[in-house]
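Everything on this sheet refers to the single structure shown next.
Protein chains in written order, with the numbering used here: chain A, 1 to 238; chain B, 1001 to 1213.
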């Protein structure tokens, strides 16, 4: 029998190793799996590389993980926000390495990892500072049919933490509104994917035409209480 | 003769005038979001948001905010009937794959041949953040910039070569500004229109660059 329903977040996150690469879904505060991040803080893994679109809002969730000193490096597209003070301070003091990636390249590098693509050429970023290696040298480029491209490598992860709306014991998932964002691609790219859901349903209850993430990409599902997503990431909310 | 520059709303209305019926459009964070308020009612335009929304509607009424339904600036929005949600890789495939008709962005600098600088001022110590700027700049069929022509210090934001870090090369087709609408071409700037009372030579003097009539 296949049963991916974990009894607790602690069960689902047991065994996360130091030095892991952890993908965390979400864009701003929408789709951020705060309960799983809190669970990861509790679990204690350190020296982590985190992949998220942003770098934490306020002082909870991802910001709390950063503040706890568990993260060595963050791969993201938009760290600086009105309420990213935790990231800002760690970055300025040199305690956190940043790999800044254009958002579409970030999404596609994650997708490529999940899809088994070895690398791909993207037009995004060609001729800019983000087409350079950390040492300042240019990454590989190619001209294809008169257009210029930069070689982009996949981003694989040991663990993906995502927030979904509902799921079943086979791991099939549906999401809620724009909280879907990075969830489906991150689920594909990690060796282990843990999703929170607000509802666990019987097999067959999710319309197969509407399942967004097929269960093959998901390893553990944890049911959590519904808490309304809080505003974050812009001036008035900060 | 005297002239008055376009207000932000007048500028937004000028951009909206060129957004055709049926267009799929991404409006960048900041001034470009104003354009949505000026699209003529008889035109059906699909607004795209990078975080996975097509058919984005206006801000919700107070008390109706749902922070699972936000725009690229993380502010609450609504979804029109017929709108769709999708994941990030699909959202950026819409850009990179050339499926969006128009993208309107703000800018620090634009070169006469359409190079764009809008993501970083390159100041030492500044925290970099790029978001979807580079994907948007090169992805849409047409990238338009919406900005004041001069900085607060009075320097032209239209330049021969960008001094700020580039977002994309040769990607801007048009500049909609408070004083004039300009086309960026491989041969340089070309005038589309300008505010009443302004002459071409005055405009050229303002930005310090030649403009083809």
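The beta-carbon is built from N, C-alpha and C at its ideal position, and this holds for glycine as well.
Whether or not the segment 222-230 of chain A and the segment 1002-1011 of chain B are in contact is what I'm after, with contact meaning three or more pairs of Cβ atoms, one per stretch, closer than 8 Å; do they touch? no
* The alpha helix (DSSP H) enclosing residue 1008 of chain B, as first and last residue numbers -> 1008-1017
Using the Cβ count rule (16 or more neighbours within 10 Å means buried), how would you classify residue 3 of chain A? exposed
*List the endpoints of the continuous alpha helix (DSSP H) containing residue 106 of chain A.*
103-115
- Query: Hey, would you say residue 111 of chain A sits closer than 8 Å to residue 188 of chain A, going by beta carbons?
  - Reply: yes
Checklist entry - So is residue 1108 of chain B in contact with chain A if we call contact Cβ pairs under 8 Å? => result no
Which bits of chain A does residue 1132 of chain B rub up against, with CB to CB less than 8 Å? 77, 102, 103 and 104
| Can you tell me where the alpha helix (DSSP H) with residue 160 of chain A in it begins and where it stops? | Counting along the chain, residue 160 of chain A falls outside any alpha helix (DSSP H), though it belongs to the beta strand (DSSP E) covering 157-163.
- Should residue 183 of chain A go down as buried or exposed, given a rule of 16 or more other Cβ atoms within 10 Å for buried? buried
Apart from the five residues just before and just after residue 9 of chain A, which ones in its own chain have a Cβ nearer than 7 Å to its Cβ?
-> 35, 36, 39 and 222
> On the three-state DSSP scale, how would you describe residue 238 of chain A?
Replying inline: Any reading at residue 238 of chain A must be qualified, since the residue scores a pLDDT of 48, below 50, and its modelled position is unreliable; the value itself is stated next. The answer is coil: DSSP assigns residue 238 of chain A none of H, G, I, E or B.
> Shortest alpha-carbon distance to residue 1095 of chain B belongs to which of A:69, A:88 and A:107?
Replying inline: A:107
Proximal chain A residues relative to residue 1033 of chain B, where beta-carbon distance stays under 8 Å
Going along chain A, no residue has its Cβ under 8 Å from residue 1033 of chain B, so there is no contact; the nearest lies around 12 Å.
Notebook entry, point to check: If residue 1200 of chain B and residue 1211 of chain B are in contact, beta carbons under 8 Å, what's the gap, nearest whole angstrom?
Noted result: 6 Å
- Query: the segment 1042-1063 of chain B: which residues have C-beta closer than 8 Å to a C-beta of chain A, in chain order?
  - Reply: 1049, 1050, 1051, 1052 and 1053
Check your understanding: What do you get for residue 23 of chain A, buried or exposed, if any count of 16 or more other CB atoms within 10 angstroms of its CB means buried?
Key -> buried
Query - Chain-ordered neighbours of residue 230 of chain A on chain B, where CB pairs are closer than 7 Å - result: 1067
Notebook entry, point to check: Does the Cβ-Cβ distance between residue 1198 of chain B and residue 1145 of chain B come in under 8 Å?
Noted result: no
Please identify the residue among B:1141, B:1050 and B:1063 whose C-alpha is closest to the C-alpha of residue 1100 of chain B.
B:1141
Determine the DSSP secondary structure at residue 48 of chain A, reduced to helix, strand or coil. strand
C-alpha gap between residue 1031 of chain B and residue 1078 of chain B, whole angstroms: 19 Å
At a Cβ threshold of 8 Å, is residue 1200 of chain B touching chain A? no
*Rounded separation between residue 67 of chain A and residue 86 of chain A - CA only*: 6 Å
Measure the alpha-carbon distance for residue 238 of chain A versus residue 1076 of chain B and round it to whole angstroms. Bear in mind that a pLDDT of 48 at residue 238 of chain A, under 50, signals an unreliable position, so the number given afterwards is only what the model happens to contain. Residue 238 of chain A and residue 1076 of chain B: Cα-Cα distance of roughly 14 Å.
inquiry  = In whole angstroms, give me the CA-to-CA distance for residue 1002 of chain B and residue 54 of chain A.
reply    = 47 Å
| query | Is it right to say residue 210 of chain A is buried, meaning 16 or more other beta carbons lie within 10 angstroms of its own, or is it exposed? | reply | exposed
Between the segment 1123-1140 of chain B and the segment 1053-1071 of chain B, are three or more C-beta pairs nearer than 8 Å?
-> no
#### Entry: Among A:171, A:1, A:131 and A:181, nearest to residue 1087 of chain B - alpha-carbon criterion
A:181
**OP:** Output, in sequence order along the chain, the residues in the segment 166-197 of chain A whose CB is closer than 8 Å to any CB in chain B.
**Re:** 175, 176, 177, 178, 179, 180, 181, 182, 183, 184 and 185
Chain B contact residues for residue 108 of chain A, given Cβ-Cβ distances below 7 Å: 1089 and 1092
message = Checking 8 Å against the spacing of the C-beta atoms, do residue 30 of chain A and residue 1053 of chain B come in under that value?
response = no
Residue 1114 of chain B at chain A interface by Cβ criterion, 8 Å
no
- Query: Terminal residues of the continuous alpha helix (DSSP H) containing residue 1088 of chain B?
  - Reply: 1088-1096
Open item on the list: Is residue 28 of chain A close to the ligand SAM? I mean its beta-carbon at under 7 Å from any heavy atom of the ligand.
Closed with: With respect to small molecules bound, the structure shown includes none, and the ligand SAM cannot be examined in it.
Since residue 1084 of chain B meets chain A, which of its residues come closer than 7 Å, beta carbon to beta carbon?
-> Within 7 Å Cβ-Cβ: nothing; residue 1084 of chain B doesn't reach chain A, min ~11 Å.
What does a CB cutoff of less than 6 Å around residue 1017 of chain B pick up in its chain, not counting 5 residues either side in sequence?
none
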